[in-house]
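Working notes, structure below.
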Ligand code: CDP
């Protein structure tokens, strides 16, 4: 890696694989910035719901996406100046985000915005296409996954902890549908690239998954003296 490049770690994977939690922990440990790209798609979905827009009108959706007024401040997410951290986590928002994410104009509009998160000392980002499309030169690309049943259980726990209603069978159904849509879409489909390391977390704790990624990163640092080991 050239010495003046900013190190980027991408963690892509299916819905509820734990990539957000793990990416955040890795970013914290390394003192890097963090980008939750899925949150951007969820924010577009929430804006669409709030504005009662016809989701078939791709031109208006692209305009809205370009002008989206969002702010990430620590763990708080703002849309149009209002806190929407929990509101974007509903299943309704997730399902709509996954539909809107199949629209090329929306993906294109979010590209530049996502790349702007890359600044010193480095970036950890999670999503579906971070390694394949947005940051193809990332120093470490991880594909994080777990079985659909385990992911449904994790999502259930997460929603219940937030005081939201949840039903395991419905969540499993939603996860399977979303996997299918995310993997089979023609534009930026969810798939493990040849240059990406697979990490199946079905039987790993959060801390074990975090350690696996950090040790891969340290291995890469050892081979590239320009990167700082942590
Ligand atoms: O939490 P979950 O993994 O279900 O979803 P998310 O990461 O919050 O992303 C919501 C939706 O946005 C996903 O179902 C994807 O369809 C889409 N997405 C995408 O297409 N590309 C990304 N880089 C991130 C999310």
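Numbering (the numbering used here), first residue to last: 1120 to 1349.
Heads up, the beta-carbon is just placed ideally off N, CA and C, and yes, glycines get one too.
### Query
Quick one: is the Cβ of residue 1150 within less than 7 angstroms of any heavy atom of the ligand CDP?
Here residue 1150 refers to the residue found at position 31 when the chain shown is read from its first residue. No, since every heavy atom of the ligand CDP falls outside the 7 angstroms radius drawn around the Cβ of residue 1150.
### Task
Could you spell out the range, first to last residue, of the alpha helix (DSSP H) harbouring residue 1139?
Position 20 of the chain shown, counted from the start, is the residue given in the question as residue 1139. 1138 to 1149 is the span of the alpha helix (DSSP H), which, as asked, contains residue 1139.
### Task
For the beta strand (DSSP E) holding residue 1152, just list the boundary residues, first then last.
To locate residue 1152, count along the chain shown from 1; it is residue 33. Here the beta strand (DSSP E) through residue 1152 covers 1152 to 1155.
### Query
Can you check whether the CB of residue 1129 is closer than 8 angstroms to the CB of residue 1254?
Taking the chain shown and counting its residues from 1, one reaches residue 1254 at position 135. Taking the chain shown and counting its residues from 1, one reaches residue 1129 at position 10. Going by C-beta atoms, residue 1254 is nearer than 8 angstroms to residue 1129.
### Query
At which residues does the beta strand (DSSP E) containing residue 1316 begin and terminate?
The residue you call residue 1316 lines up with position 197 of the chain shown. Counting along the chain, the beta strand (DSSP E) containing residue 1316 begins and ends at 1316 to 1319.
### Task
To the nearest angstrom, report how far apart residue 1275 and residue 1133 are at their CA atoms.
Here residue 1275 refers to the residue found at position 156 of the chain shown. Here residue 1133 refers to the residue found at position 14 of the chain shown. One alpha carbon belongs to residue 1275, the other to residue 1133, and they sit about 16 angstroms apart.
### Task
Spell out the partners DSSP gives residue 1262 in its beta bridges.
Locating residue 1262 in the chain shown gives position 143, where the first residue counts as 1. According to DSSP, residue 1262 bridges with 1131 and 1317.
#### Entry: Distance cut-off 7 angstroms: residue 1283 Cβ against heavy atoms of the ligand CDP
Here residue 1283 is taken as the residue at index 164 of the chain shown, counted from 1. Residue 1283: no, Cβ never under 7 angstroms from the ligand CDP.
#### Entry: DSSP three-state assignment for residue 1250, whether helix, strand or coil
Residue mapping note: residue 1250 aligns to position 131 of the chain shown, counting from 1. Note: residue 1250 maps to helix in three-state DSSP.
### Query
Hey, quick one: how far does the beta strand (DSSP E) through residue 1196 stretch, first residue to last?
Taking the first residue of the chain shown as 1, we reach residue 1196 at position 77. 1195 to 1198 is the extent of the beta strand (DSSP E) around residue 1196.
### Task
Note the first and the last residue of the continuous beta strand (DSSP E) segment covering residue 1190.
In the chain shown, counting from the first residue as 1, residue 1190 sits at position 71. It spans 1189 to 1192 - the beta strand (DSSP E) in which residue 1190 sits, taken as one unbroken run.
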